[in-house]
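Beneath this line is the structure, given in structure tokens, with notes to follow.
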Amino acid sequence: MPLLRFGLGSLLAMMVVPVVVANGGGARVIDPVADADMLASRPNINQTPVGTSGKWTMEKLNALTQAEGVALWRTLPAPTLEEMNGHYTGLGPGADDPAYQKGYADYMFNEKSVRGYWLGKAFHPVTATTGEGYNRWRFPGGRIERNLRMATGIRPSIIDGKPAYVLDYGAFNKTTLFDEIRKLEDGIYIGTATVARPDGTRSKLDMFILVGPTDEWVGAPYTLGATPLKEGTTLPTK
Numbered sequence: 068m069p070l071l072r073f074g075l076g077s078l079l080a081m082m083v084v085p086v087v088v089a090n091g092g093g094a095r096v097i098d099p100v101a102d103a104d105m106l107a108s109r110p111n112i113n114q115t116p117v118g119t120s121g122k123w124t125m126e127k128l129n130a131l132t133q134a135e136g137v138a139l140w141r142t143l144p145a146p147t148l149e150e151m152n153g154h155y156t157g158l159g160p161g162a163d164d165p166a167y168q169k170g171y172a173d174y175m176f177n178e179k180s181v182r183g184y185w186l187g188k189a190f191h192p193v194t195a196t197t198g199e200g201y202n203r204w205r206f207p208g209g210r211i212e213r214n215l216r217m218a219t220g221i222r223p224s225i226i227d228g229k230p231a232y233v234l235d236y237g238a239f240n241k242t243t244l245f246d247e248i249r250k251l252e253d254g255i256y257i258g259t260a261t262v263a264r265p266d267g268t269r270s271k272l273d274m275f276i277l278v279g280p281t282d283e284w285v286g287a288p289y290t291l292g293a294t295p296l297k298e299g300t301t302l303p304t305k
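Numbering (my numbering), first residue to last: 68 to 305.
Okay, here's the thing in structure tokens:
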């Protein structure tokens, strides 16, 4: 599938520029971020189109609640292994829950944290039935790291038994994290993440969205990241 260039548009959609207003002989700067009511009074849901149908934008995807995203995910088909190839921008919608938004931002979008600022995921097929991938993180100074690798493939979902593109992090790491991705349309994918509970059940579904591919697979070298490697696992160097 040709690369879909979404990265720049999504960045521009999130930029807020202070406005300079003439004030007699001088000027004063108005910071729009300081006036949440003003921003809320002028909603913008059509600024940054993504996908291929014309129905979806970055703003509409981020306006989904977790419950709406999960309900939509349950209705969708799995993508093919072959099409999941390249880098994908990651979103974590939670439109009806300001506390969730803040917690998610602190955990996933903080370049000063041990994990870094989550840029998204990357995938590519390895054989006709298996693939691999990693997560991408930004740190201060513009440093980008690739870690938290996963094995990928099309399998029955551990949530509802229907086909999904699964990301098995336990193949390389000391974790029970398991993602399951389904296709909303070309260029837009909805995923759910769960971990194992002590009683053997899975945690509440954490919905996320991937948009892309934005650019090509890079791969090794990888960094260790915040999650320890599975015993006996080594990082590929090339």
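Where is the CB? At the ideal position from N, CA and C, for every residue including glycine. Keep in mind the model is a prediction, meaning the values are calculated, not measured.
Contacts around residue i, its chain only, beta-carbon distance under 6 Å, and the 5 residues preceding and following it disregarded
i, result
"V262", "T243, L244, S270"
"E178", "Y184, R205, F206, P207"
"T197", "G220"
"L234", "M217, T219, D246"
"L78", "The predicted position of L78 is uncertain, since its pLDDT is 37 and thus under 50; no value can be drawn from it."
Among the options, the one whose alpha carbon lies nearest that of residue i
i, options, result
"K215", "D246, T197, T194", "At residue 215 the sequence reads Leu, which differs from the Lys that was named. For L215, the nearest C-alpha among the options comes from D246."
"Y174", "D164, G159, D163", "G159"
"A138", "G258, D266, A238, P265", "G258"
"T268", "I226, G220, K122", "I226"
"Y201", "N111, E283, R109", "E283"
"G228", "T142, M125, Q114, S120", "T142"
"D273", "G136, T119, K122", "G136"
"G161", "H154, A130, A195, G153", "A130"
"T290", "L302, K188, K297", "L302"
"A238", "G170, A103, T300, N113", "T300"
"D253", "P110, D102, N113, T124", "T124"
"Y155", "V233, A195, Y236, G187", "G187"
"T119", "L296, P280, P295, E298", "P280"
"N152", "R210, Y232, K127, E126", "Y232"
"E199", "V285, D266, A134, K169", "V285"
"W140", "Y236, S224, P165", "S224"
Residue i, enclosing beta strand (DSSP E) - first and last residue
i, result
"R210", "210–223"
"R205", "198–206"
"Y184", "183–192"
"D273", "273–282"
Where residue i falls, given that 16 or more other Cβ within 10 Å makes a residue buried
i, result
"K241", "exposed"
"T147", "exposed"
"M105", "exposed"
"M68", "Only weak support is given to the placement of M68: the predicted model assigns it a pLDDT of 40, under 50, and the value that follows is read from those uncertain coordinates. Exposed, by the Cβ-count rule."
"I255", "buried"
"A189", "buried"
"E212", "buried"
"N113", "exposed"
"R203", "buried"
"N111", "exposed"
"T115", "buried"
Neighbourhood of residue i by C-beta, 7 Å cutoff - its chain only, sequence neighbours within 5 removed
i, result
"D163", "T132"
"A293", "V181, R182"
"F275", "G157, L158, G159, G258, A260"
"T304", "A287, P288"
"R264", "S270"
8 Å Cβ shell around residue i - same chain, five flanking residues per side excluded
i, result
"P144", "P230, R249, K250"
"L128", "V117, L158, P160, I255, I276, V278"
"E149", "P192"
"Y167", "Q133, G161"
"L296", "F239, N240, K241, L302"
Can you give, in chain order, each stretch of the beta strand (DSSP E) that sits fully within the segment 225–262 and has at least 3 residues?
-> Runs found: 230–235, 245–252, 255–261.
Within the segment 95–173, note down every full beta strand (DSSP E) run reaching 3 residues or more, in order along the chain.
-> 153–158
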